[in-house]
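K.L.:
There are 4 protein chains.
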Amino acid sequence: MLHKLKIEVCEANLALRDAGLVILTWGNVSARDRDTGNIVIKPSGVSYDRMLPEQMVVLSPDGAVIEGSFRPSSDTPTHLVIYKAWPEVGGIAHTHSTHATAWAQAWRALPCCGTTHADNFRGTVPVTKPLSDEQIAGHYEAETGNAIVQAFADRSPMDVPACLVGGHGPFTWGRSAGHAVENSIVLEQVALTAMLTERLRPEASEIPSALVDRHFLRKHGPDAYYGQRTAG
Amino acid sequence: MLHKLKIEVCEANLALRDAGLVILTWGNVSARDRDTGNIVIKPSGVSYDRMLPEQMVVLSPDGAVIEGSFRPSSDTPTHLVIYKAWPEVGGIAHTHSTHATAWAQAWRALPCCGTTHADNFRGTVPVTKPLSDEQIAGHYEAETGNAIVQAFADRSPMDVPACLVGGHGPFTWGRSAGHAVENSIVLEQVALTAMLTERLRPEASEIPSALVDRHFLRKHGPDAYYGQRTAG
Amino acid sequence: MLHKLKIEVCEANLALRDAGLVILTWGNVSARDRDTGNIVIKPSGVSYDRMLPEQMVVLSPDGAVIEGSFRPSSDTPTHLVIYKAWPEVGGIAHTHSTHATAWAQAWRALPCCGTTHADNFRGTVPVTKPLSDEQIAGHYEAETGNAIVQAFADRSPMDVPACLVGGHGPFTWGRSAGHAVENSIVLEQVALTAMLTERLRPEASEIPSALVDRHFLRKHGPDAYYGQRTAG
Amino acid sequence: MLHKLKIEVCEANLALRDAGLVILTWGNVSARDRDTGNIVIKPSGVSYDRMLPEQMVVLSPDGAVIEGSFRPSSDTPTHLVIYKAWPEVGGIAHTHSTHATAWAQAWRALPCCGTTHADNFRGTVPVTKPLSDEQIAGHYEAETGNAIVQAFADRSPMDVPACLVGGHGPFTWGRSAGHAVENSIVLEQVALTAMLTERLRPEASEIPSALVDRHFLRKHGPDAYYGQRTAG
Numbered sequence: 697m698l699h700k701l702k703i704e705v706c707e708a709n710l711a712l713r714d715a716g717l718v719i720l721t722w723g724n725v726s727a728r729d730r731d732t733g734n735i736v737i738k739p740s741g742v743s744y745d746r747m748l749p750e751q752m753v754v755l756s757p758d759g760a761v762i763e764g765s766f767r768p769s770s771d772t773p774t775h776l777v778i779y780k781a782w783p784e785v786g787g788i789a790h791t792h793s794t795h796a797t798a799w800a801q802a803w804r805a806l807p808c809c810g811t812t813h814a815d816n817f818r819g820t821v822p823v824t825k826p827l828s829d830e831q832i833a834g835h836y837e838a839e840t841g842n843a844i845v846q847a848f849a850d851r852s853p854m855d856v857p858a859c860l861v862g863g864h865g866p867f868t869w870g871r872s873a874g875h876a877v878e879n880s881i882v883l884e885q886v887a888l889t890a891m892l893t894e895r896l897r898p899e900a901s902e903i904p905s906a907l908v909d910r911h912f913l914r915k916h917g918p919d920a921y922y923g924q925r926t927a928g
Numbered sequence: 697m698l699h700k701l702k703i704e705v706c707e708a709n710l711a712l713r714d715a716g717l718v719i720l721t722w723g724n725v726s727a728r729d730r731d732t733g734n735i736v737i738k739p740s741g742v743s744y745d746r747m748l749p750e751q752m753v754v755l756s757p758d759g760a761v762i763e764g765s766f767r768p769s770s771d772t773p774t775h776l777v778i779y780k781a782w783p784e785v786g787g788i789a790h791t792h793s794t795h796a797t798a799w800a801q802a803w804r805a806l807p808c809c810g811t812t813h814a815d816n817f818r819g820t821v822p823v824t825k826p827l828s829d830e831q832i833a834g835h836y837e838a839e840t841g842n843a844i845v846q847a848f849a850d851r852s853p854m855d856v857p858a859c860l861v862g863g864h865g866p867f868t869w870g871r872s873a874g875h876a877v878e879n880s881i882v883l884e885q886v887a888l889t890a891m892l893t894e895r896l897r898p899e900a901s902e903i904p905s906a907l908v909d910r911h912f913l914r915k916h917g918p919d920a921y922y923g924q925r926t927a928g
Numbered sequence: 697m698l699h700k701l702k703i704e705v706c707e708a709n710l711a712l713r714d715a716g717l718v719i720l721t722w723g724n725v726s727a728r729d730r731d732t733g734n735i736v737i738k739p740s741g742v743s744y745d746r747m748l749p750e751q752m753v754v755l756s757p758d759g760a761v762i763e764g765s766f767r768p769s770s771d772t773p774t775h776l777v778i779y780k781a782w783p784e785v786g787g788i789a790h791t792h793s794t795h796a797t798a799w800a801q802a803w804r805a806l807p808c809c810g811t812t813h814a815d816n817f818r819g820t821v822p823v824t825k826p827l828s829d830e831q832i833a834g835h836y837e838a839e840t841g842n843a844i845v846q847a848f849a850d851r852s853p854m855d856v857p858a859c860l861v862g863g864h865g866p867f868t869w870g871r872s873a874g875h876a877v878e879n880s881i882v883l884e885q886v887a888l889t890a891m892l893t894e895r896l897r898p899e900a901s902e903i904p905s906a907l908v909d910r911h912f913l914r915k916h917g918p919d920a921y922y923g924q925r926t927a928g
Numbered sequence: 697m698l699h700k701l702k703i704e705v706c707e708a709n710l711a712l713r714d715a716g717l718v719i720l721t722w723g724n725v726s727a728r729d730r731d732t733g734n735i736v737i738k739p740s741g742v743s744y745d746r747m748l749p750e751q752m753v754v755l756s757p758d759g760a761v762i763e764g765s766f767r768p769s770s771d772t773p774t775h776l777v778i779y780k781a782w783p784e785v786g787g788i789a790h791t792h793s794t795h796a797t798a799w800a801q802a803w804r805a806l807p808c809c810g811t812t813h814a815d816n817f818r819g820t821v822p823v824t825k826p827l828s829d830e831q832i833a834g835h836y837e838a839e840t841g842n843a844i845v846q847a848f849a850d851r852s853p854m855d856v857p858a859c860l861v862g863g864h865g866p867f868t869w870g871r872s873a874g875h876a877v878e879n880s881i882v883l884e885q886v887a888l889t890a891m892l893t894e895r896l897r898p899e900a901s902e903i904p905s906a907l908v909d910r911h912f913l914r915k916h917g918p919d920a921y922y923g924q925r926t927a928g
């Protein structure tokens with residue numbers, strides 16, 4: 697079942713490791729099957745060194761295990777909430793990458809300090825609001841998903857396909873698992889560069905919106921001219 | 697004698713090197729044999745590139761060399777004090793990893809700034825009190841062990857399996873040598889992230905205890921749901 | 697056409713990746729053919745892992761595609777402006793390398809804090825002036841080139857073969873694509889070291905011009921004695 | 697001539713590269729032959745990727761080329777001054793390693809913030825005084841050596857086998873080329889950790905001299921108990 701998607705999700709998880717965004721058994725990537733709406737996700741606490749496509753877990757949109765002998769990632773409810781809220785999303789990645797996590801732990805949104813950021817994220821990457829002790833004690837992982845969705849109440853999640861979960865770390869998404877992983881890679885790099893920028897110039901502000909839009913749209917807009925015509 | 701444990705200890709020492717936590721001949725890992733109480737530990741000043749299981753030194757709980765033609769690690773008395781004080785401990789690791797050492801050199805306890813920390817350490821990682829000149833001139837390495845044990849006077853060493861030795865560097869432990877090494881890896885990562893978090897938000901405080909407990913217990917508590925049922 | 701130069705440009709692009717200065721499809725290197733004035737440049741958005749010399753695009757000095765089935769780099773107009781303004785330039789490199797980009801995002805010129813800097817750049821590396829919204833909306837990439845050229849109104853671009861484009865990142869150049877890449881490597885290293893120097897001594901100033909000149913000229917002057925007689 | 701020493705010096709130079717302390721053609725290592733007093737040193741500006749023992753240059757103690765078809769390192773006069781001043785020195789290494797260079801560029805001596813430092817350097821690593829414009833214009837490289845020797849006017853160069861040349865970078869030495877390289881590796885690591893320590897605790901002071909001595913002497917003193925009896 698969903699053999700190709702399992703390979704894609706497994707490779708996307710390994711790509712997080714290869715990019716240095718996860719160590720040990722941290723992080724997870726999932727993807728949604730466009731036809732059935734079912735979700736394929738990494739199993740919980742499994743070593744990257746021995747990860748195989750057939751270990752990926754298949755879930756219904758509500759989270760019922762349809763196939764797989766492993767427990768799904770403990771963060772699964774967060775993924776499910778995001779998929780339910782945003783139909784455009786085809787893949788989600790979660791890491792504890794160093795600099796994105798530092799911004800999340802500082803409970804600060806990530807400002808758009810340069811064109812590298814604007815190439816992938818059309819403006820500030822938001823940070824979630826704190827959960828109450830009741831939310832933490834209750835459906836904690838689903839509440840984390842809700843907090844992410846609420847952070848995009850007045851913005852398009854496809855314009856800024858990333859969110860910092862306060863006190864925890866980043867989630868990114870995209871049309872596919874591969875795009876979600878690419879966004880995790882870019883997010884970590886711009887989180888690092890923004891931190892260094894702020895050190896060099898504490899009063900640093902975001903670049904003008906004309907520049908943000910020019911860069912985002914030359915790569916992702918209807919008249920994009922970055923990349924080859926066949927590329928995404 | 698203790699052939700399997702020697703392999704385990706040798707591999708744990710090499711894992712420190714592979715994780716980038718030690719260079720040259722720095723660092724050491726030991727393990728305790730559950731049956732006899734004997735300790736297996738890395739020899740002193742031996743190159744990681746030529747390290748072999750049969751070079752590991754076997755000691756009685758009091759530190760007498762039972763087997764091995766090499767001198768044990770110069771930090772051996774520190775390990776022995778910890779094993780004697782805490783029966784649950786099956787393995788100990790010591791590194792000079794960059795960021796954990798920086799906190800130790802700053803004589804600061806490591807605050808719990810996020811869930812990555814809480815996943816492995818249930819709250820602040822303590823720093824030891826300074827030794828007197830007499831303690832330094834006397835049984836220095838054993839006094840270092842005493843300072844670690846005293847830092848846990850009112851806490852469980854298995855809830856927070858790590859300590860920063862002020863002016864020196866980190867020690868970690870666990871049920872086995874492998875767990876001790878994993879805790880060294882996590883400690884270095886959260887020491888780095890906490891430093892970056894503080895830079896982004898100087899007044900950063902620890903995450904609420906409800907969140908610390910949720911993360912620590914979902915992985916290590918009696919109802920843990922992180923990882924697979926067969927995993928530790 | 698220009699087979700050898702295509703190989704040179706392809707290898708120079710891969711050298712950026714191997715030096716850790718670019719990830720994903722970021723960055724680009726071009727070179728100018730001394731005989732025809734034609735430009736060879738990296739195609740836009742192509743993976744470094746599958747990059748081949750025959751994918752390089754050949755352009756006339758005005759930017760018309762003479763050969764190649766791929767779109768040239770989206771930054772091509774920036775390169776063309778630089779080649780037109782400075783006849784000595786034989787190669788240009790553009791990266792988003794972490795620390796050079798941080799200085800660019802902070803809109804700060806890079807001070808010459810030590811001899812490592814002076815070995816390759818004879819003094820401060822300038823930062824461009826901001827573009828107006830009209831310039832951003834218009835011929836954005838060509839205007840970026842104009843801003844670089846204007847930053848050298850009263851200096852020789854061969855004495856300081858690098859410029860920080862504010863809010864964006866660094867461009868470097870040299871007599872060949874290989875020299876441009878080497879300058880990108882040095883720029884990233886001195887951008888990092890200057891940042892650390894400033895942290896250790898906030899009031900740090902540039903080294904005396906006598907020391908700048910001694911180091912620059914012992915390597916690049918008419919009586920250079922660094923390197924072997926046959927080397928450049 | 698001096699075949700074994702050439703191999704040793706070549707390998708020591710490559711070890712700098714492998715430890716990440718030099719890039720491009722930066723850095724250099726030399727050694728002194730105990731019998732003749734002749735010096736073997738890296739050629740100037742030669743690529744590490746193609747470095748061979750037979751390229752090493754043999755010099756008389758006064759710097760006359762005795763053997764070799766390559767120019768010696770442009771920093772050769774600095775090495776010669778150090779060898780002449782300090783008979784115990786058998787090898788010298790020079791790098792532009794990131795964090796040691798940052799302290800040098802900040803013209804700050806490196807404080808002994810922890811036992812990792814004390815294990816190899818018995819106290820503060822000094823920084824040289826600035827050269828005058830006349831010294832820079834004259835025998836610049838020899839004057840650099842003089843400045844290093846003067847920084848040890850009242851200390852033993854074997855207790856602290858390292859010096860920061862202000863505005864430039866570090867030199868280290870030891871009984872052999874290999875020990876000089878090991879000291880460069882340790883210096884870079886403690887330069888990094890000291891910088892992080894200062895960030896965590898701006899008022900950080902050096903560790904007590906009792907602790908410095910305990911660590912330095914347990915490894916290098918007459919009653920050293922670190923390492924194996926046969927080791928150095």
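Residue numbers (our numbering), protein chains in the order written: chain A, 697 to 928; chain B, 697 to 928; chain C, 697 to 928; chain D, 697 to 928. Glycine included, each C-beta is placed from N, C-alpha and C at the ideal position.
#1: Just the C-alpha distance for glutamate 704 of chain C and serine 726 of chain C, rounded to the nearest angstrom, thanks.
#2: Mind checking glutamate 878 of chain A: buried by the 16 CB within 10 Å criterion, or exposed?
#3: Taking only runs of the alpha helix (DSSP H) that begin and end inside the region 808 to 835 of chain C, which ones reach a length of at least 4 residues, in chain order?
#4: For valine 908 of chain C, count neighbouring Cβ atoms within 10 angstroms of its own Cβ and tell me buried if that reaches 16, exposed if not.
#5: Per DSSP, which residues does tryptophan 782 of chain B bridge with? Please list them.
#6: Are there three or more Cβ pairs, one per stretch, closer than 8 Å when the region 789 to 808 of chain C is compared with the region 816 to 824 of chain C?
#7: Can you find a C-beta in chain C that's less than 9 Å from the C-beta of glutamate 712 of chain A?
#8: If contacts are defined as beta-carbon pairs under 8 Å, then histidine 792 of chain B and tryptophan 869 of chain B qualify, I think. What distance do you get, rounded to the angstrom?
#9: Would you say serine 756 of chain A reaches chain B, if we count a Cβ-Cβ gap shorter than 9 Å as a contact?
#10: Does glycine 928 of chain C come out as helix, strand or coil in the three-state DSSP assignment?
#11: Where valine 753 of chain D and serine 740 of chain B are concerned, what is the direct C-alpha to C-alpha distance, given to the nearest angstrom?
#12: Do serine 769 of chain B and isoleucine 719 of chain B have their C-beta atoms closer together than 9 Å?
#13: CB-CB under 8 Å to valine 742 of chain A, same chain, minus the five flanking residues each way: which ones, in chain order?
#14: Suppose contacts are defined by Cβ-Cβ distances below 9 Å. Is methionine 697 of chain D in contact with isoleucine 762 of chain D by that definition?
#15: Using a Cβ-Cβ distance under 9 Å, would leucine 720 of chain D count as near chain C?
#16: Using C-beta distances below 6 Å, list every residue in its chain close to tyrosine 922 of chain B, excluding the 5 sequence neighbours before and after it, in chain order.
#17: Just checking: is the beta-carbon of methionine 854 of chain C within a distance shorter than 9 Å of some beta-carbon in chain A?
#18: If you draw a straight line from the C-alpha of alanine 887 of chain B to the C-alpha of alanine 900 of chain A, how long is it?
#19: What does leucine 860 of chain B pair with, by DSSP beta-bridge criteria?
#20: Mapping the DSSP letters down to three states, classify isoleucine 788 of chain A as helix, strand or coil.
#21: Under 8 Å Cβ to Cβ from threonine 812 of chain C, same chain only, skipping five residues before and after it: list those, please.
#22: How about histidine 795 of chain D and methionine 891 of chain D: do their beta carbons lie closer than 9 Å?
#23: Using a beta-carbon distance cut-off of less than 9 Å, what residues from the region 818 to 840 of chain B approach chain A?
#24: Within 9 Å (strictly less), CB to CB, does arginine 897 of chain B reach chain D?
#25: When the Cα atoms are used, what is the spatial distance from phenylalanine 912 of chain D to histidine 875 of chain B?
#26: Mind checking which residues open and close the beta strand (DSSP E) that includes serine 872 of chain D?
#27: Between the alpha carbons of lysine 700 of chain B and arginine 746 of chain A, how many angstroms are there, rounded?
#28: Helix, strand or coil: how does DSSP classify serine 1005 of chain B here?
#29: What is the DSSP secondary structure of valine 754 of chain D, reduced to helix, strand or coil?
#30: According to DSSP, simplified to helix, strand and coil, what is valine 742 of chain D?
#31: State yes or no: is the beta carbon of glycine 810 of chain B nearer than 9 Å to at least one beta carbon in chain A?
#32: Any idea what DSSP makes of valine 964 of chain B, helix, strand or coil?
#33: Helix, strand or coil, according to DSSP, for glutamate 884 of chain A in the structure here?
P.N.:
In short, the structure shows the following:
#1: 9 Å
#2: buried
#3: 811 to 816, 829 to 833
#4: buried
#5: Beta-bridge pairing links tryptophan 782 of chain B to no other residue.
#6: yes
#7: In the sequence on display, residue 712 of chain A carries leucine and not glutamate. By this cut-off, leucine 712 of chain A is not an interface position.
#8: Actually they do not touch by this definition, with Cβ atoms about 17 Å apart.
#9: no
#10: Reliability fails at glycine 928 of chain C, whose pLDDT of 34 lies under 50, so the model's placement of it is uncertain and the value that follows must be treated cautiously. Here glycine 928 of chain C sits in coil by DSSP.
#11: 37 Å
#12: no
#13: Thr721, Gln751, Phe766
#14: yes
#15: yes
#16: Arg914, Lys915
#17: no
#18: 26 Å
#19: B:Val823, B:Pro866
#20: strand
#21: Val882, Gln885, Val886, Thr889
#22: yes
#23: none
#24: no
#25: 31 Å
#26: Serine 872 of chain D -> no beta strand (DSSP E), and no H or E assigned at all.
#27: 23 Å
#28: Any property of residue 1005 of chain B remains undetermined from this structure, which presents chain B solely from 697 to 928.
#29: strand
#30: coil
#31: yes
#32: With chain B running from 697 to 928 in the structure shown, residue 964 of chain B is simply not present.
#33: helix
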